[in-house]
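With the working numbering applied, the sequence shown covers 41 to 379.
All residues carry an ideal CB built from backbone N, CA and C; glycine is no exception.
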Amino acid sequence: MARLQDLQAEDMQVYGWAVTHGCLVAEDAAVGLGISPERVARSLELLAAVPLISRDGDDQHNGGPPGWRPVDPQLASAEVAATESRLRRGLAGIFSIWDTVDSLNALYATGVQEAAREVPLELVESLDRVIEMLEEASDACRSEVMTSQPGGGRPAAELEQSIARDLAMIERGVRMRTLYQHTSRHHAPTQVYVERATAIGAQVRTQVELFGRMIAFDREVVFLPHSQVKGGAAVIRDPSTVAFLCTAFDRNWQMGAPYSPALADGEVREGVKLAILTMLSEGLRDETIARRLGVSLRTCRKYIADLFEQLGAESRFQAGYLTRARDLLDGAAEEPSVG
């Protein structure tokens, strides 16, 4: 289908010849314009289809060569107006469809959120989905977030991502409390994160051991690690279970020590020592002790060697005997409360 925008320079020249001479004969136009007859013929075909020229019936009636008369462009523009009208109607229909899709999206999102709130336990295996759900919970958080992070320290990239999300929540007036293990005080990226987080209002404490990894939002939803899928999560909304987990966090928080960049605090250092002695007395292997303390096996064995040296022991048996003889484990069942 020919269109006005398809006209090229030669076509415009041919049309101009028709306008100037009142009637266009192909052979004359080719000679006058210096264009090949074949090119003039293609121009005439296009101009007639638009239409910007029409057959001159008088020339054909007189037996002369077929001629063409120019048509006022305003008449041709009527077709443009009709096409524009059709396009506008089509565009309006598209906008109407998108409005409907937007309404359906909002309805779907609301329905999914309401349905999710009614599910007491949701197992999520996809790490990407877990991250997405954490971001949604962070954005919706109104009053409080509680985080328990066992281990010696979180990856620097993960901590960097957290600080922006934490800042957004604190600026909304959300109270933020985080528990780490004492050994995280030696972890440089964690030191930097805690310094930045506490500067904007977050609270951070540490303990020798934590009850597990969890993140709780507004005491309404809790994220726990998936027991079988690495990176997955168990998302708990059951009010009784959520209340139990949040109470466990509160107890550990009361027993925690305020975070400082290194294990310089005497009580904290003593807490790590007592924890190792307790686990040694229980016959736990070095690998288990290291995992519970959130440190590497090499670091754990260095702690144990330092304890043996302090006790004057050369074996685990001797260390156990000296520990009991000196009542070193008295009071080790519970760390001192710092309020």
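If you run the structure through DSSP and keep just helix, strand and coil, what is residue i?
{"i": "VAL159", "result": "coil"}
{"i": "VAL242", "result": "Going by the sequence as given, residue 242 is Ala instead of Val. Residue state, collapsed to three classes: coil."}
{"i": "GLY56", "result": "helix"}
{"i": "GLU184", "result": "strand"}
{"i": "PRO113", "result": "helix"}
{"i": "VAL65", "result": "strand"}
{"i": "LEU219", "result": "strand"}
{"i": "GLY213", "result": "coil"}
{"i": "GLY107", "result": "strand"}
{"i": "GLN48", "result": "coil"}
{"i": "VAL164", "result": "strand"}
{"i": "VAL275", "result": "strand"}
{"i": "GLN201", "result": "helix"}
{"i": "GLN29", "result": "No answer is possible for residue 29: the residues shown for the chain start at 41 and end at 379."}
Kindly list the residues whose CB is nearer than 6 Å to the CB of residue i, restricted to its own chain and excluding five residues on each side of it in sequence; keep chain order.
{"i": "ASP168", "result": "none"}
{"i": "GLY379", "result": "Residue placement at GLY379 is flagged as unreliable, the pLDDT there being 35, under the threshold of 50; a coordinate-derived value is accordingly withheld."}
{"i": "GLY191", "result": "GLY334"}
{"i": "ASP179", "result": "none"}
{"i": "VAL170", "result": "VAL164 and ALA273"}
{"i": "ASP68", "result": "none"}
Would you mind reading off the limits of the alpha helix (DSSP H) that contains residue i?
{"i": "VAL248", "result": "First-last for VAL248: undefined, no H or E at that position."}
{"i": "GLN350", "result": "337-351"}
{"i": "ALA283", "result": "279-295"}
{"i": "SER300", "result": "Taken as a continuous stretch (DSSP letters only), SER300 belongs to no alpha helix (DSSP H), as it is neither H nor E."}
{"i": "ARG331", "result": "326-333"}
{"i": "PRO77", "result": "77-89"}
Taking 8 Å as the threshold (C-beta atoms), are residue j and residue i in contact?
{"i": "LEU448", "j": "VAL54", "result": "Absent from the structure is residue 448, since the part of the chain shown begins at 41 and ends at 379."}
{"i": "ALA58", "j": "ARG109", "result": "yes"}
{"i": "TYR289", "j": "MET216", "result": "Residue 289 is actually Phe in this sequence, not Tyr. Result no, Cβ atoms of PHE289 and MET216 do not sit closer than 8 Å."}
{"i": "VAL214", "j": "SER166", "result": "no"}
{"i": "TYR299", "j": "VAL234", "result": "yes"}
{"i": "ILE276", "j": "LEU161", "result": "yes"}
{"i": "ALA242", "j": "ASP206", "result": "yes"}
{"i": "THR218", "j": "LEU199", "result": "no"}
{"i": "GLY296", "j": "THR238", "result": "no"}
{"i": "GLY311", "j": "VAL248", "result": "yes"}
{"i": "ASP46", "j": "LEU86", "result": "yes"}
{"i": "VAL261", "j": "ALA177", "result": "yes"}
{"i": "LEU337", "j": "GLU327", "result": "yes"}
{"i": "PHE263", "j": "LEU147", "result": "no"}
{"i": "CYS340", "j": "ALA330", "result": "yes"}
Pop quiz: residue i and residue j are said to be a contact at Cβ under 8 Å. What is the actual Cβ separation, rounded to whole angstroms?
{"i": "SER202", "j": "ARG253", "result": "No, SER202 and ARG253 are not in contact; Cβ-Cβ is about 14 Å, not under 8 Å."}
{"i": "ALA345", "j": "LEU320", "result": "Between LEU320 and ALA345 the Cβ distance is about 12 Å, and since that is not below 8 Å, they are no contact."}
{"i": "LEU351", "j": "LEU362", "result": "5 Å"}
{"i": "ALA88", "j": "PRO77", "result": "With a Cβ gap of about 16 Å, ALA88 and PRO77 do not count as contacting."}
Cutting at 7 Å between CB atoms, please list the residues of its own chain near residue i, excluding the five before and the five after it.
{"i": "GLU50", "result": "ILE75, ARG79 and SER83"}
{"i": "LEU250", "result": "SER188, PRO190, LEU219, GLN221 and ASN292"}
{"i": "VAL159", "result": "ARG277"}
Which stretch, first to last residue, makes up the beta strand (DSSP E) that contains residue i?
{"i": "ARG95", "result": "93-96"}
Residues in its own chain within less than 8 Å of residue i by CB, not counting five upstream and five downstream?
{"i": "HIS266", "result": "LEU163, VAL164, GLU165, GLY272, ALA273 and ALA274"}
{"i": "ARG356", "result": "LEU320"}
{"i": "PRO195", "result": "PRO229"}
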